[in-house]
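The first sequence begins at 630 in the working numbering and counts up one residue at a time. We put the beta carbon where it would ideally sit given N, CA and C, even for glycine. Predicted model only: the values in this text are computed from it and were never measured. Step one of this worksheet: look at the structure below.
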Amino acid sequence: MPREISKAYEPQAIEQRWARAWVDEKLFRADARAQGPVFSIVIPPPNITGSLHIGHMLDHTLIDILTRWHRMRGFNALYLPGTDHAGISTQRVLVRLLAEQGIDYRKLGREAFEKRVWQWKEESGGTITRQMVQLGESCDWTRERFTLSPELSRAVREVFVRLYEEGLIYRGKYMVNWCPVCQTAISDLETVHEERTGHLWHIRYPVIGTNEQVVVATTRPETMLGDTAVAVHPEDERYAHLVGKMVRLPLLAREIPIIADRYVDREFGTGVVKVTPAHDPNDFEAGRRHNLPQIDILTDDGHLSKAAGPYEGLERFAAREKVVEDLKAQGLLEKITNHTYAVGTCDRCKSVIEPRASTQWFMKMKPLAEPAIAVVEHGEIEITPENWRAVYFEWMRNIRDWCISRQLWWGHRIPAWHCENGHVTVARETPAKCAECGSTNLAQDPDVLDTWFSSALWPFSTLGWPDDTEDLRVYYPTSLMITAYDILFFWVARMIMMGLKFTGQVPFRRVHLHSLVLNAEGQKMSKSKGTGVDPLELNRQFGTDAMRFTLAVMAAPGTNIILSDERILSYRAFANKIWNAARFLFVNLDKFEATGITLEELAAPEVRAASPHRLRGALPLADRWMFSRLARVAHKVNAALEELRFHEAAHTVYHFFWGEFCDWYIEWVKPTLAAENHEEARAAWRNLFAVFEAALRLLHPFMPFLTEELWHRLPQRAGAKSIALDRYPEGRETWFDEEAERQASLLQEIIVAARNIRAELKLDPRKKVAAELTADAHIRSLVHDNLDAVLRLAALSELKLTSGHLSPKGGLVRSTAQFDLRMAYGQAEDLRGEVIKLRKEKDRLAKDIESKKQRLADETFRSRAPENIVRGLESTLHEREVEYRKLRDRLAHLEKQLGEGGAAAS
RNA sequence: GGGCGGUUAGCUCAGCGGUUAGAGCGUCCGGUUUACACCCGGAAGGUCGCAGGUUCAAAUCCUGCACUGCCCACCA
630 MPREISKAYE PQAIEQRWAR AWVDEKLFRA DARAQGPVFS IVIPPPNITG SLHIGHMLDH
690 TLIDILTRWH RMRGFNALYL PGTDHAGIST QRVLVRLLAE QGIDYRKLGR EAFEKRVWQW
750 KEESGGTITR QMVQLGESCD WTRERFTLSP ELSRAVREVF VRLYEEGLIY RGKYMVNWCP
810 VCQTAISDLE TVHEERTGHL WHIRYPVIGT NEQVVVATTR PETMLGDTAV AVHPEDERYA
870 HLVGKMVRLP LLAREIPIIA DRYVDREFGT GVVKVTPAHD PNDFEAGRRH NLPQIDILTD
930 DGHLSKAAGP YEGLERFAAR EKVVEDLKAQ GLLEKITNHT YAVGTCDRCK SVIEPRASTQ
990 WFMKMKPLAE PAIAVVEHGE IEITPENWRA VYFEWMRNIR DWCISRQLWW GHRIPAWHCE
1050 NGHVTVARET PAKCAECGST NLAQDPDVLD TWFSSALWPF STLGWPDDTE DLRVYYPTSL
1110 MITAYDILFF WVARMIMMGL KFTGQVPFRR VHLHSLVLNA EGQKMSKSKG TGVDPLELNR
1170 QFGTDAMRFT LAVMAAPGTN IILSDERILS YRAFANKIWN AARFLFVNLD KFEATGITLE
1230 ELAAPEVRAA SPHRLRGALP LADRWMFSRL ARVAHKVNAA LEELRFHEAA HTVYHFFWGE
1290 FCDWYIEWVK PTLAAENHEE ARAAWRNLFA VFEAALRLLH PFMPFLTEEL WHRLPQRAGA
1350 KSIALDRYPE GRETWFDEEA ERQASLLQEI IVAARNIRAE LKLDPRKKVA AELTADAHIR
1410 SLVHDNLDAV LRLAALSELK LTSGHLSPKG GLVRSTAQFD LRMAYGQAED LRGEVIKLRK
1470 EKDRLAKDIE SKKQRLADET FRSRAPENIV RGLESTLHER EVEYRKLRDR LAHLEKQLGE
1530 GGAAAS
């Protein structure tokens, strides 16, 4: 046990040392054959492109707290780490990096590009995992996975082929969200609706063979170039005579029909709508119903295509202006009105997406969603906080097919091969010939899968599926999924669907959705917006343990987390407090050794396991109280963690350690530690060490580094490896010692009362003064038995114990129903402050008593409220009345005194 | 257009049916108590957004309103 210990906690060196040691020793390697109930959790795989941001830090902190807690409780715990290949994100990063080097990725070609990405991944893709090691996360690094590794790719192909064979994956031309910047289709979830104020352009379409014209309104005038009809409601009398006639499409002079369709809203605008089947979801459906041609007027990169005639080549927004200008010139623009509408933007690049009919791969979701709804309904998967259940159900019940193909190069290549005759062969391995016509002229589909496709398989693909592995049998279904609520649909819902479909089991038994971490302005932290904070910088500044503790304390469900330096600072102070409590033990080792106690003795398991109730009676009050509090706190922390109430668990240990262990217990037993009576001193040391060591274990899941370091500095059994493998304090209810808690808090009240008077009198804290305590025999005897501690902690020279009523004369008094404490004062003190205070207190008490009396006088209350509530109220009322009488007498006395002195005249 | 949160001490937030509503920071007063000034002791500070209702009992449950944040949505 080292004697030299720095005065303040300096986390950096300690953290680095333990982080490395834990990995080197493979301390957290899970053994599928180990004993104990299983706790398994897979990480929400971070993107390889990123570095660790505060959101990850929160995820990982909560996961790690629970993993360490379970491990310490004897669970066979697995925390499986890994990363996501992050299709679009990674491709975007690489394209940019290459561009910076003057390389056009398209010219590089697909194969060379992929090679570059892999190379980059090897060099830079490990940032996050390195950072996770630094953070000391208790993952099993031997089981690290990557969504694009050969093993996981195999799972992806297996799933794709099976779904295709069942008809749940299909290919076809449908309306998709097209991002002209990323140049790929994206899913509905990846488009973010943004409210914008724009215009509604009203355009005249002349009806051929008449003098009439119809007016259509549109938010995207350039799409008129792709119109293949205009539509009216079949029962709209205004236009009934026009149905079946043709209109001349302005600018292009194309003749298109006027059709009747129920999807037209007669109330909106003129009741006539232009139909652009290739660029609007409603029009697409209408186009199918009426057999209209689809004219795609766009190119992949958002310019106008050949189909746009004279507008070919124009950028889409330039084309809009030109179209409007030309319509205006031809007098075909009736009016422009203001209009707010929601525009879809690309989640990745924020550019406006274009609805576009395109041939893509889709997954049928309804059949997959049904069982996924059922398992949550039936509680096979518990979602916390509960309000997310409703959100989940809502989305799942209205789920639409998922566009899974992406026009990218980085990702899982779709396992489909096209032959020259247009047949498609879907296979697990590259086929030699077309399954339909036998052609050997095959080309693999160029598209890759949406990143979330492989993420959806994560809980079982990482454990070895599709093989029937030991890991899968032992660790699947996983115990819990912890992630931010913003990927409930993207990821959580899809994992549930895929897990059920392919393993017949839920992927996890519980989902905990935590809040987002926002900055001081309440904005979502984001690197692109420059509003992010670097958690590693904060860790360096305040210590990882302080950061972890802050996040845990703030992880209360419901609200978002707003991080501030002040808050982290207060938990850095907490870490320092723990450090200094340890320091107290270490710097007093000479006193400790003087008692003849050995370190071996302290490390003995029977001392550690000492169950307080066995010792009760033999122990001094302070120790009985402390052990009881320890048990109660352990009980509460365990219960809180069981229910994922991290903030409550953290609060509880914080208050226990600082407010009870340090502020009261250590101060209380200090003299005993140096007592002449060695047996007494030894017992005090033993208990102090035992409580401190237990407190470290209690704290360990929250503050792994600090506790590991201090635990190793304490005497430990030979071969004891890590606090992380030690037992978590249990807090059995049989350890609670209510009598000791009651007595200790009474003594504390007396001490606080004395301190209060001292502060009021502005006494020099070192100056010891005499006081008088009036109380019943029971309390007097309690105080008498603990007189040394009371005198010392209240800085009293003596405490006279008296019975009966306290005479009203002289000194400052603090009273409760149980006792009166009086301290004499010199003549210089001004009593007016005290009088004001007492008056205020008297009013408050009078009001309180009045309301309690009223309650108790209420017959309905007495008959309906539970007995213990009524009795509790009665006894409280009695106490208040006692306090009130004492206070009234004191006040009268003081007022008289002031009045006589003439000081109250003013 | 639907839905979900939030509104509690100067600030950031806990508490979510039962006796005098809590924490951290900040404020004020007093401290070189040999573990800790990242500290110690004491104190001040709140008609729990507003209005109704349910209940013996409401910060806590219900309804409405007002701000405020977010999610979902194919009305041109």
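Using the Cα positions of residue i and residue j, report the straight-line distance between them to the nearest angstrom.
i, j, result
"S635", "N1209", "9 Å"
"A858", "T839", "17 Å"
"F1290", "A784", "53 Å"
"R1177", "S1144", "15 Å"
"A659", "P1344", "27 Å"
"G1172", "P640", "5 Å"
"E1058", "P1044", "8 Å"
"W990", "D1074", "10 Å"
"R825", "Y892", "24 Å"
"R1409", "R1468", "29 Å"
"S1492", "H1507", "20 Å"
"E1015", "F789", "33 Å"
"Y1114", "P1186", "11 Å"
"F657", "L1250", "40 Å"
"V872", "N920", "16 Å"
"E1099", "A1349", "29 Å"
"K1471", "R1387", "21 Å"
Given a cut-off of 7 Å, decide if residue j and residue i are closer than it, judged by their beta-carbon atoms.
i, j, result
"I1546", "K874", "There is no way to answer for residue 1546, as the model of the chain reaches only from 630 to 1535."
"A1369", "W1254", "yes"
"I926", "L854", "yes"
"I683", "V1146", "yes"
"S1426", "K1397", "yes"
"P675", "T719", "no"
"M994", "F913", "no"
"R877", "L961", "no"
"A1418", "W1293", "no"
"L1428", "A1453", "no"
"V810", "V861", "no"
"C768", "I982", "no"
Going by other Cβ atoms of all chains shown within 10 Å of its Cβ, with 16 needed for buried, is residue i buried or exposed?
i, result
"D1096", "exposed"
"D856", "buried"
"K903", "buried"
"I1498", "exposed"
"E751", "exposed"
"K1130", "buried"
"E1337", "buried"
"I1190", "buried"
"K1525", "exposed"
"L1339", "buried"
"K655", "exposed"
"F946", "exposed"
"R582", "Given a span of 630 to 1535 for the chain in the structure shown, any question on residue 582 remains unanswerable."
"A1457", "Annotation note: pLDDT 47 at A1457 (below 50); position unreliable, no value reported."
"E1065", "exposed"
Going by alpha carbons, who is nearest to residue i out of the options?
i, options, result
"Y1283", "M1452, Y1200 and D733", "Y1200"
"R662", "E1166, P1249, A1347 and R1102", "R1102"
"A1406", "H1434, G898 and A1279", "H1434"
"E1308", "D1355, R1356 and F1221", "F1221"
"A936", "Q748, I1352, L1086 and T852", "T852"
"A1211", "L881, T1091, L792 and E1322", "E1322"
Can you name the residues that DSSP bridges to residue i?
i, result
"A886", "In the sequence on display, residue 886 carries Pro and not Ala. M875, per the DSSP bridge assignment."
"F1137", "T1107"
"G973", "H822"
"V929", "One detail in the question is off: residue 929 reads as Asp in this sequence, not Val. In DSSP, D929 forms no bridge with anything."
"D1449", "T1403 and S1444"
"D713", "N676"
"M804", "A986"
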